[in-house]
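Notes follow once the structure below has been shown.
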DNA sequence: GGCATATATTGAATCGGTTCACGACATGGA
DNA sequence: TCCATGTCGTGAACCGATTCAATATATGCC
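Protein chains in written order, with this note's numbering: chain B, 1 to 352; chain X, 353 to 704.
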């Protein structure tokens, strides 16, 4: 810091070897005779050389050995959302295995987001968010590095990892139909990037922009149609996917659909908020109201009653996303399976 | 990827300007005449040049513009711990302000930890963990980059951010003493790095290695001494600070100190686990047992009853840690204040 | 001893930019 | 007309390492 840093060339000169040899001492010691190696190492120690500077190596090698995760949400939200946490755990494990790092790149501040993405020192990006994904995908694509989109359709030449949203949603609805339910309500994630929440009418429903939300609605619709139920008669409330937004949505939904015997929530966070709101109103779950979530975050197994939900392999998603970047192969599109997990929040309707 | 990448020199040549000018077009456009600038930009567009590669810039500029967070814990634990989450939120906000990134560096795998720290592309490190901090501090110091230690005493020439652990603990104990409690139990964090949990005897207590734990014990002791209570008569149980470990510790503590009217927990996570265990045993809080935590994580305000605790400014800690690295000034040692937050888990003892 | 084969080391090119001292040219004032 | 001033642009050095063809030295084998 005070004195100018010692560099490899200094060590090489002091030890009387070429810079190439000095480099080998640190990076490929097996190529250097033990005697010479010892001399160079000793010299390095005396000069206070701390080993090759990663910056130099980087330029030559080209590989940063780090993955950038582009986060559009406010980071407060990001770290508090159990889905994101699980995803990061999976990603981190993939990185750990290969000795790579993870860089968080916040795109919350629109003014600086572009710059952040353009200058981030990473080998590739993972765009992981349903909201506002397109903007981030655009930024990442511009940079020209490999990237994988999770839960978003990235369009062109990027990899993607998605789950069978439509199939999962259908499974959820079919489970409730099989239990005998006929009157439903849907607690939905955001349909598009305009910040609107509350009751969703037909026009808004069919013009959903976010792929995940849209597909889940389609999945519910598939099951309804097979059972002869018109989805237009089902109350749908759109809500932000954080505890506060979900609580608000849950209240609105219970107000709007007083005769529903079952609620399809598009996330576990939403479902758990609904459980709380139902308890506040004295509605017994599952006796008076069945609730099914989506995701199977750890909290789902800890709620009371324990939440019936559609499990998606969140950690596996993160892990694969990381592997896809680190492997650096061609673009791929993976579709991960979902699974119905029946726990304690669904039962046959009390009165048919 | 397929075709070799276009670089600045190519653009410069094609546009008929020097490389220096081309560089200015992108990095300091105000130095270049509008006409020339337009020409270079147009050429860049035609050639498909994506703007300066951060790798090249990095080497020359020296600054990476990223902070490394060294995490010793298993990342699963890291992301699930509310304290860490709050810390990261604070850190991220500091980074956001200055357009810097955050890199997560896992030191969970001892074999590769050293390498990870040595090669991470960052401007400095933050070591944030009470357990096993010394090993990480050692690694970070070796790298020779600035670093700040949180909740650890870094020894030599590193900055640190700490809270007044001793004072906070004393406040907690004094609060309970003022309510009239005389029979206490302590749910402690780890005292040293040997994985032992359970009842703590005198020898182990006085040989505590982790500074934070040690200071909190001292703080409790200060208050006890002033009230004429011998800390050696107080049951102390050491437990891991995750939900499972804390639950185990809580059970052990309630078994060991059946006559205690108040429990001092060294973290909110531990306190919340204790609340759950008390409820399971039918012990009413605060009527039969008072509980006080430490940290004031968001969960503390959401527990039932709401947790009385010692607040420490966690986000502020993260924010300052980030600022300290980004500012790059000299080493500093900051001590942040703590504060008693009285909520619903403490009351006068039922029977004096 | 002579030749083929391994093994160690060298020197220079390269990665992709930024920066800075200096020179070219234009403008304006005396 | 000449010099001072200011604006742009040039060219080369530099950041700190890795890599590789080429060379020098040692070893093995007949």
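Using N, Cα and C, we set each Cβ at its ideal position, and we do this for glycine too.
Remember, it's a predicted structure, so these values are computed and weren't measured experimentally.
Would you report the Cα separation of residue 476 of chain X and residue 674 of chain X, rounded to the nearest angstrom?
Within the second chain, numbered from 1, the residue matching residue 476 of chain X stands at position 124. Within the second chain, numbered from 1, the residue matching residue 674 of chain X stands at position 322. Those two C-alpha atoms are separated by around 9 Å.
Short Cβ contact (7 Å threshold) for residue 292 of chain B with residue 346 of chain B
The residue labelled residue 292 of chain B in the question sits at position 292 within the first chain. The residue labelled residue 346 of chain B in the question sits at position 346 within the first chain. Yes. Within cutoff.
Other residues of its chain near residue 24 of chain B: CB distance less than 8 Å, five sequence neighbours each side excluded:
Numbered from its first residue, the first chain carries residue 24 of chain B at position 24. The residues are 31 and 32.
Residues bridged to residue 502 of chain X (per DSSP):
Locating residue 502 of chain X in the second chain gives position 150, where the first residue counts as 1. According to DSSP, residue 502 of chain X bridges with X:480 and X:513.
Go through its chain and collect everything with a Cβ distance to residue 611 of chain X's Cβ below 8 Å, but skip five positions before and after it.
Here residue 611 of chain X corresponds to residue number 259 of the second chain, with the count starting at 1. Around residue 611 of chain X: 535.
Kindly indicate which residue of B:227, B:251, B:149 and B:141 has the alpha-carbon position closest to the one of residue 175 of chain B.
On the first chain, position 175 is the one that residue 175 of chain B refers to. With distances taken between Cα atoms, residue 175 of chain B lies closest to B:227.
Residue-chain proximity (residue 689 of chain X, chain B), Cβ-Cβ < 7 Å
Reading the second chain from its first residue, position 337 is the one you call residue 689 of chain X. Contact with chain B is absent for residue 689 of chain X, since none of that chain's Cβ atoms lies less than 7 Å from the residue's Cβ.
Residue 281 of chain B in three-state terms, based on DSSP
Position 281 of the first chain, counted from the start, is the residue given in the question as residue 281 of chain B. Coil at residue 281 of chain B, not helix or strand.
Report all residues from its chain with a CB closer than 8 Å to the CB of residue 443 of chain X; omit the five preceding and five following residues, and keep chain order.
On the second chain, position 91 is the one that residue 443 of chain X refers to. The answer, listed in chain order, is 419, 421, 454, 478, 670, 671, 673 and 674.
Indicate whether at least one CB of chain B lies closer than 7 Å to the CB of residue 450 of chain X.
Stepping through the second chain from its first residue, residue 450 of chain X is reached at position 98. Chain B contact via Cβ: absent.
Tell me whether residue 353 of chain X sits in a helix, a strand or coil according to DSSP, three-state version.
Translated into the one-based positions of the second chain, residue 353 of chain X becomes position 1. Because the pLDDT of residue 353 of chain X is 39, which lies under 50, any placement of that residue in the model is unreliable, and the question is left without a value.
For residue 28 of chain B, is the classification buried or exposed, using 16 other Cβ atoms within 10 angstroms of its Cβ as the cut-off for buried?
Against the first chain, residue 28 of chain B aligns to sequence position 28. Residue 28 of chain B is exposed by the Cβ-count criterion.
Taking a contact to mean a Cβ-Cβ separation below 7 Å, would you say residue 652 of chain X touches residue 641 of chain X in this structure?
Numbered from 1 along the second chain, position 300 holds the residue referred to as residue 652 of chain X. Numbered from 1 along the second chain, position 289 holds the residue referred to as residue 641 of chain X. For residue 652 of chain X and residue 641 of chain X, no; Cβs fall outside 7 Å.
Test: residue 464 of chain X CB closer than 7 Å to a CB of chain B
Position 112 of the second chain holds residue 464 of chain X. For residue 464 of chain X, the answer is yes, since a Cβ of chain B falls inside 7 Å of its Cβ.
Any C-beta of chain B under 7 Å from that of residue 453 of chain X:
Position 101 of the second chain holds residue 453 of chain X. At least one CB of chain B lies nearer than 7 Å to the CB of residue 453 of chain X.
From this set, B:160, B:140, B:245 and B:232, which residue's C-alpha is nearest residue 195 of chain B's C-alpha?
Here residue 195 of chain B refers to the residue found at position 195 when the first chain is read from its first residue. Comparing Cα-Cα distances from residue 195 of chain B to each of B:160, B:140, B:245 and B:232, the minimum goes to B:245.
Which partner residues does residue 198 of chain B have in the DSSP bridge list?
Working through the first chain from its first residue, we reach residue 198 of chain B at position 198. B:238.
Closer than 8 Å, Cβ to Cβ, to anything on chain X: give me those residues from the stretch 219 to 238 of chain B, in chain order.
For the stretch 219 to 238 of chain B, which is checked against every Cβ of chain X, not one residue is closer than 8 Å.
Interface positions of the stretch 71 to 86 of chain B facing chain X (Cβ-Cβ less than 7 Å), listed along the chain:
Here the close residues are 75, 76, 79, 80 and 85.
Just the Cα atoms here: how many angstroms apart are residue 302 of chain B and residue 89 of chain B?
By 1-based counting over the first chain, the position of residue 302 of chain B is 302. By 1-based counting over the first chain, the position of residue 89 of chain B is 89. Going from the Cα of residue 302 of chain B to the Cα of residue 89 of chain B covers about 19 Å.
Using the C-alpha atoms, what's the distance from residue 222 of chain B back to residue 179 of chain B?
Numbered from its first residue, the first chain carries residue 179 of chain B at position 179. Numbered from its first residue, the first chain carries residue 222 of chain B at position 222. For residue 179 of chain B and residue 222 of chain B, the distance between alpha carbons rounds to 17 Å.
In angstroms, rounded to a whole number, what distance separates the CA positions of residue 84 of chain B and residue 362 of chain X?
Here residue 84 of chain B corresponds to residue number 84 of the first chain, with the count starting at 1. Here residue 362 of chain X corresponds to residue number 10 of the second chain, with the count starting at 1. Distance between the alpha carbons of residue 84 of chain B and residue 362 of chain X is about 42 Å.
Taking 7 Å as the cut-off, decide whether the C-beta atoms of residue 589 of chain X and residue 605 of chain X are in contact.
To locate residue 589 of chain X, count along the second chain from 1; it is residue 237. To locate residue 605 of chain X, count along the second chain from 1; it is residue 253. A contact, by the Cβ cut-off of 7 Å.
Cβ pair residue 250 of chain B, residue 273 of chain B closer than 7 Å
Counting from one through the first chain, the residue named residue 250 of chain B turns up at place 250. Counting from one through the first chain, the residue named residue 273 of chain B turns up at place 273. Yes; because the gap between Cβ atoms is below 7 Å, this pair is in contact.
Roughly how many angstroms separate the alpha carbons of residue 337 of chain B and residue 314 of chain B, rounded to a whole number?
Locating residue 337 of chain B in the first chain gives position 337, where the first residue counts as 1. Locating residue 314 of chain B in the first chain gives position 314, where the first residue counts as 1. Note on geometry: alpha-carbon atoms of residue 337 of chain B and residue 314 of chain B lie some 11 Å from one another.
Are residue 572 of chain X and residue 529 of chain X touching if we call contact CB-CB under 7 Å?
The residue given as residue 572 of chain X occupies position 220 in the second chain. The residue given as residue 529 of chain X occupies position 177 in the second chain. The answer is no: Cβ separation not under 7 Å.
I want to verify the contact list: residues of chain X whose CB lies under 9 Å from the CB of residue 190 of chain B, in sequence order.
For this step, residue 190 of chain B is matched to residue 190 along the first chain. Here the premise fails: no neighbours, minimum Cβ distance about 22 Å.
Run of the alpha helix (DSSP H) containing residue 396 of chain X, from where it starts to where it stops:
For this step, residue 396 of chain X is matched to residue 44 along the second chain. Judged by DSSP secondary structure, residue 396 of chain X falls within the alpha helix (DSSP H) whose first and last residues are 386 to 399.
Exposed or buried, residue 147 of chain B, counting other C-beta atoms within 10 Å across all chains shown (16 or more means buried)?
Taking the first chain and counting its residues from 1, the one referred to as residue 147 of chain B is at position 147. Around the CB of residue 147 of chain B, 16 or more other CB atoms lie within 10 Å, so the residue is classed as buried.
Tell whether a beta-carbon distance below 7 Å holds between residue 452 of chain X and residue 678 of chain X.
What you label residue 452 of chain X is simply residue 100 of the second chain in a count that begins at 1. What you label residue 678 of chain X is simply residue 326 of the second chain in a count that begins at 1. A contact, by the Cβ cut-off of 7 Å.
DSSP state of residue 311 of chain B mapped onto helix, strand, coil:
Residue 311 of chain B sits at position 311 when you count from the first residue of the first chain. For residue 311 of chain B, the three-state secondary structure derived from DSSP is strand.
Secondary structure of residue 175 of chain B, DSSP reduced to three states
For the purposes of this step, residue 175 of chain B is identified with residue 175 of the first chain, where counting begins at 1. Reduced to three states, the DSSP call for residue 175 of chain B is helix.
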